[in-house]
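To start, the structure under review is shown below, and the notes come after it.
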Amino acid sequence: MGIVFKQSFNNTLILFLGFAIGGINVLFLYTHFLEAEYFGLITFLLSSANMIMPLLVFGMQHTIIKFFSAYQHKEEQDGFLLTALLLPMLIIIPLSIIGVLFYHQIAEYLARENIIIEKYTYTIFFTSIFMGYFEIFYAWSRVQMRSVFGNFIKEVFARICISFLLLAVFLDWIDGEQFVYAVVIVYFLRMIIMKLYAFRIYFPEIKWTGLPKNIKQILSFSLYIIMAGSAGTILLEIDKFMIPQMKQIAEVAYYSVGVYIASVIGIPSRAMQQIINPITARELNRNNLEEVKSLYKKSSLNLLIVGGLLFLLINTNIQELYKIIDKPEYTVGIYVVLVISISELIKLSLGTNGAILTNSRYYRILFYYAIGMAVSVVILNRILIDYMGIQGAALATLIVVLIFSLLRIFYVNMKMKMQPFGSKTGLLLIVIGALFFVFYFVPLPFNAYLNILIRSCLVTGVFIYLVIKLKLSSEMNQVFDKYLG
Numbered sequence: 225m226g227i228v229f230k231q232s233f234n235n236t237l238i239l240f241l242g243f244a245i246g247g248i249n250v251l252f253l254y255t256h257f258l259e260a261e262y263f264g265l266i267t268f269l270l271s272s273a274n275m276i277m278p279l280l281v282f283g284m285q286h287t288i289i290k291f292f293s294a295y296q297h298k299e300e301q302d303g304f305l306l307t308a309l310l311l312p313m314l315i316i317i318p319l320s321i322i323g324v325l326f327y328h329q330i331a332e333y334l335a336r337e338n339i340i341i342e343k344y345t346y347t348i349f350f351t352s353i354f355m356g357y358f359e360i361f362y363a364w365s366r367v368q369m370r371s372v373f374g375n376f377i378k379e380v381f382a383r384i385c386i387s388f389l390l391l392a393v394f395l396d397w398i399d400g401e402q403f404v405y406a407v408v409i410v411y412f413l414r415m416i417i418m419k420l421y422a423f424r425i426y427f428p429e430i431k432w433t434g435l436p437k438n439i440k441q442i443l444s445f446s447l448y449i450i451m452a453g454s455a456g457t458i459l460l461e462i463d464k465f466m467i468p469q470m471k472q473i474a475e476v477a478y479y480s481v482g483v484y485i486a487s488v489i490g491i492p493s494r495a496m497q498q499i500i501n502p503i504t505a506r507e508l509n510r511n512n513l514e515e516v517k518s519l520y521k522k523s524s525l526n527l528l529i530v531g532g533l534l535f536l537l538i539n540t541n542i543q544e545l546y547k548i549i550d551k552p553e554y555t556v557g558i559y560v561v562l563v564i565s566i567s568e569l570i571k572l573s574l575g576t577n578g579a580i581l582t583n584s585r586y587y588r589i590l591f592y593y594a595i596g597m598a599v600s601v602v603i604l605n606r607i608l609i610d611y612m613g614i615q616g617a618a619l620a621t622l623i624v625v626l627i628f629s630l631l632r633i634f635y636v637n638m639k640m641k642m643q644p645f646g647s648k649t650g651l652l653l654i655v656i657g658a659l660f661f662v663f664y665f666v667p668l669p670f671n672a673y674l675n676i677l678i679r680s681c682l683v684t685g686v687f688i689y690l691v692i693k694l695k696l697s698s699e700m701n702q703v704f705d706k707y708l709g
């Protein structure tokens, strides 16, 4: 677990830095420097690009992670990586032609409720390509066990650039329209930087030796991952896509703030997955199921501990946080924060479940799960957004995450005889629930900043004390024994 802990720790720091910068952007700069209409527009464009990205790049970022370690010779590895760069063109070029031929029809459809979308529809396609090839080059570096720099570029670079762009809007150097185009350029630059880094740490010999011998297996895996990845991304982004089709686009901005606050809970998982996914793939290729099982249990419990603390810090202070934001129209997102926070905790409890399914011979099941999730969330969003507005979008996400997370846990246990939970998981959930109800309903008489500081210190102290005293995690206890005696 040495390399996992070291790079996960570094990635966690980077993710927290990125989220801190992003938090300043979302909670203060976007809300105060940019009109809600343009805030909602850029959120819609990026979410739409994210949804089609897995299709455009043919799922190659996952294919690289799964297959690279299975090749023993550099010539085979080089041929595989070159194939991974070229295969997405089989989709990008035909879709480009279709997009040109039917651009006006597509743009009019997307803009039927909010005309501002029509002018920027083409940026969705370009941004998606930039996002997709960034992920390919990022996977390229991750299979070399070099995840930290790419994580920095992904999580910090773009957000710093956007901070400067928002400041430029405030200073009237650029307007809202120019801001949208500038964000697209940022994603292009991010892709180029990642490409240069990936080639620096591993540059393949540019020599075409034919398709990899296991090309049928690669194509089969990629096709399933395309569908699973696209459907999975729909779960994450469809709400931001559907809200403008049913409500005013400004409501996407209100929803995005709530989702962003809650998504902080997912930081530990995102940090660990950067390095633990290729390790899980390697151990599965070696048929070392005991190590896979150990990673599964440890990741679930430790992610729940860290995520549980973040859940408490966010949701016990949420009223004061919205007071600091000082935008009354955004307070409709408070319920969104709580509901999405619960769904994030559920996803943390899965641990390496996704890595196990993606990199095992059972990867095809992800396709069926993802399709089921996508269809379910679209139907629920259509019903609940119409009935409850943005709160309905959050509730739809929670329902789908809960049901399909249970199904994934059951499936891995049925096929591989391993599951992530134990008695300590139940005890941890009791601790999280009890502390939430105690601190959420106990008011403090000071200003918002002081209330957040006092409550955060109390929550953190009591939570850490209980985790150590109850010996919920041997890894956590070892860390505290080492540094605090």
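Each residue of the sequence shown is one higher than the last, beginning at 225 in this note's numbering.
By construction, the Cβ of each residue, glycine as well, lies at the ideal position given by its N, Cα and C atoms.
Smallest Cα separation from residue i: which of the options?
i, options, result
"residue 328", "313, 346, 559", "346"
"residue 551", "242, 666, 250, 563", "250"
"residue 366", "530, 422, 469", "422"
"residue 383", "408, 402, 621", "408"
"residue 424", "462, 439, 370, 440", "370"
"residue 639", "472, 241, 336, 577", "577"
"residue 573", "244, 304, 637, 526", "526"
"residue 372", "487, 238, 391, 348", "238"
"residue 621", "633, 604, 637", "604"
"residue 298", "531, 436, 396", "436"
"residue 683", "607, 530, 524", "530"
"residue 246", "380, 255, 271, 312", "380"
"residue 342", "334, 609, 664", "334"
"residue 493", "507, 575, 520, 253", "575"
"residue 715", "515, 532, 406", "There is simply no residue 715 to check, as the chain begins at 225 and stops at 709 in what is shown."
"residue 662", "591, 516, 679", "679"
"residue 517", "306, 703, 704, 646", "646"
"residue 403", "619, 318, 259", "259"
"residue 611", "515, 470, 285", "470"
Among the residues of its own chain, which have a CB less than 6 Å from the CB of residue i, if the five just before and after it don't count?
i, result
"residue 554", "478, 481"
"residue 394", "257"
"residue 225", "Because the pLDDT of residue 225 is 45, which lies under 50, any placement of that residue in the model is unreliable, and the question is left without a value."
"residue 696", "648, 652"
"residue 223", "Missing from the structure shown is residue 223; the chain here goes from 225 to 709 and no further."
"residue 398", "392"
I'd like the span of the alpha helix (DSSP H) that includes residue i, first residue to last.
i, result
"residue 513", "513-539"
"residue 364", "345-366"
"residue 655", "647-664"
"residue 329", "327-334"
"residue 286", "284-291"
"residue 644", "No alpha helix (DSSP H) holds residue 644; DSSP gives it neither H nor E."
"residue 611", "588-612"
"residue 268", "260-280"
"residue 304", "298-310"
"residue 394", "382-394"
"residue 487", "474-487"
"residue 375", "372-376"
"residue 675", "672-693"
"residue 582", "577-583"
"residue 424", "400-425"
"residue 542", "542-549"
"residue 257", "254-257"
"residue 697", "Unbroken run through residue 697: none, as it is neither H nor E."
Beta-carbon within less than 7 Å of residue i's beta-carbon, same chain only, minus the 5 sequence neighbours each way: which residues are those?
i, result
"residue 418", "358, 361, 362, 374, 377"
"residue 352", "273, 276, 277, 280"
"residue 660", "536, 539, 540"
"residue 547", "672"
"residue 593", "628, 631, 632"
"residue 522", "699"
"residue 566", "622"
"residue 656", "532, 535, 536"
"residue 635", "589"
Can you name, in chain order, every residue of its own chain whose Cβ lies under 8 Å from the Cβ of residue i, other than the five neighbours on each side?
i, result
"residue 289", "363, 366, 367, 501, 502, 505, 582, 583"
"residue 287", "308, 442, 445, 446, 449"
"residue 405", "347"
"residue 670", "678"
Report back the beta-carbon spacing between residue i and residue j to the nearest angstrom; my notes put them in contact at under 8 Å.
i, j, result
"residue 614", "residue 467", "6 Å"
"residue 602", "residue 386", "Rounded, the Cβ-Cβ distance is 29 Å, inconsistent with contact."
"residue 465", "residue 628", "Rounded, the Cβ-Cβ distance is 19 Å, inconsistent with contact."
"residue 542", "residue 625", "Actually they do not touch by this definition, with Cβ atoms about 20 Å apart."
"residue 658", "residue 564", "Incorrect: roughly 22 Å between the Cβ atoms, too far for contact."
"residue 609", "residue 598", "Going by Cβ atoms, the distance from residue 609 to residue 598 rounds to 16 Å, so no, they are not a contact pair."
"residue 338", "residue 473", "4 Å"
Determine, for residue i, whether the minimum Cβ-Cβ distance to residues of chain C falls below 7 Å.
i, result
"residue 587", "The displayed structure is made up of one protein chain only, and chain C is not part of it."
With respect to 6 Å, is the separation between the Cβ of residue i and the closest non-hydrogen atom of the ligand MG below this value?
i, result
"residue 422", "Ligands in the displayed structure: none, and consequently the ligand MG is not present."
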